[in-house]
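For reference, the structure discussed in these notes is given below.
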Amino acid sequence: MSIILQVKVVEEPSAEPLTLSELYAHLRLEALIDVDSDGNGTRPDDDLLLGLLTAAREYCEEFTGRSIAVKTYAISLDSFPDPFELPRPPFVNVVDFTYDGTESDSILVESQNFYIDTFSDMATVQPIGSWPTIREGNRAQLTYRAGYGVPGVASDPPPLPGWARAAMLLIVEHLYANRGATADANLKELPMGVEFLLRPHRVRTGLA
């Protein structure tokens, strides 16, 4: 039976999964442009909407245990479980997989010595043959990318599913309409449709 390991984010998303144009269309807003004395145009709500989108995406990630935007993660092991699961699906690809063979050198775990089973939501790492031995006091580290694709940024991740898109739009709409309240209060009073969209896609164990 595979085990779930703790994971650390080592590279945040390069872009949010929705565009400002999508937010303006959903909110039925015009992208009003303010022109200053130098003739430079600014859209006054752009920064606000992007901040709300980040909050919406982070909420969806925390609720579901998934990586909605593509991030780079790392897990650290003091021994090789057999097999082990990669948290925060959907898995995209392995960036690096090394272990400390001596006190000073890291050794690459070659791709032909393991495989990634992606049949289930949580990708599983299994050895081909047996794992190498990690010396006492040393560790192995696997770095990988996971998340849904962003238009124009990467083609290899799976596309952003409709449930995630709809949930984020609902959250942004709610936060924008109630932007005078605190963020914590806003997130505690989200529309019921958000949970309805997200709950079937939870992958973390032990959640109500």
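Take any residue in the sequence shown, count from 1 to its spot, add 5: that is its number in this note's numbering.
Here a beta-carbon is modelled for each residue, glycine too, at the ideal position from N, C-alpha and C.
Where does arginine 150 fall in DSSP's three states?
Translated into the one-based positions of the sequence shown, residue 150 becomes position 145. Here arginine 150 sits in strand by DSSP.
Within 8 Å, strictly: CB atoms of asparagine 143 and isoleucine 133:
In the sequence shown, the residue the question calls residue 143 occupies position 138. In the sequence shown, the residue the question calls residue 133 occupies position 128. The beta carbons of asparagine 143 and isoleucine 133 sit no closer together than 8 Å.
Beta bridge counterpart(s) of threonine 103 as assigned by DSSP
Numbered from its first residue, the sequence shown carries residue 103 at position 98. Secondary-structure assignment with DSSP links threonine 103 through a beta bridge to Leu113 and Gln146.
Sequence-distant residues of its chain with Cβ nearer than 6 Å to leucine 202 (five each side left out)
Here residue 202 is taken as the residue at index 197 of the sequence shown, counted from 1. Answer for leucine 202: Trp168, Ala171 and Ala172, listed in chain order.
Can you tell which of Ser42, Glu21 and Glu35 has its C-alpha closest to the C-alpha of leucine 55?
In the sequence shown, the residue the question calls residue 55 occupies position 50. Checking every option, the nearest Cα to that of leucine 55 belongs to Glu21.
May I ask you to list the residues that DSSP assigns as paired with tyrosine 29?
The residue given as residue 29 occupies position 24 in the sequence shown. None; tyrosine 29 has no bridge partner.
Contact between the region 81 to 100 and the region 172 to 183 (3+ Cβ pairs under 8 Å):
They do not touch, by the three-pair rule.
Rounded to the nearest angstrom, what separates aspartate 83 and leucine 23 at their Cα positions?
Counting from one through the sequence shown, the residue named residue 83 turns up at place 78. Counting from one through the sequence shown, the residue named residue 23 turns up at place 18. In this structure, the CA atom of aspartate 83 is about 38 Å from the CA atom of leucine 23.
To the nearest angstrom, how far is it from the Cα of leucine 212 to the Cα of valine 114?
Taking the sequence shown and counting its residues from 1, the one referred to as residue 212 is at position 207. Taking the sequence shown and counting its residues from 1, the one referred to as residue 114 is at position 109. Residue confidence for leucine 212 is low, a pLDDT of 45 falling below 50, so the modelled location carries little weight and cannot support an answer.
If distances are taken between C-alpha atoms only, which option among Glu67, Phe68, Leu91 and Glu66 comes closest to tyrosine 78?
Taking the sequence shown and counting its residues from 1, the one referred to as residue 78 is at position 73. Looking at the Cα atoms, Leu91 is the closest of the given residues.
So glycine 152 packs on isoleucine 73, CB below 8 Å; how close in whole Å?
On the sequence shown, position 147 is the one that residue 152 refers to. On the sequence shown, position 68 is the one that residue 73 refers to. That pair is a contact at about 6 Å.
Excluding five sequence neighbours on each side, which residues of the same chain lie with their C-beta closer than 6 Å to the C-beta of phenylalanine 102?
As a position in the sequence shown, residue 102 is number 97, starting the count at 1. Counting only Cβ-Cβ distances below 6 Å, and skipping sequence neighbours, we find Val114 and Leu147.
Quick one: Cα of arginine 48 to Cα of glutamate 27, how far?
Numbered from its first residue, the sequence shown carries residue 48 at position 43. Numbered from its first residue, the sequence shown carries residue 27 at position 22. Each residue's Cα considered, the two are about 15 Å apart.
Check the Cβ-Cβ distances between glutamine 11 and every residue of chain B, and say whether any is below 8 Å.
Absent from the structure is chain B; it holds one protein chain and no more.
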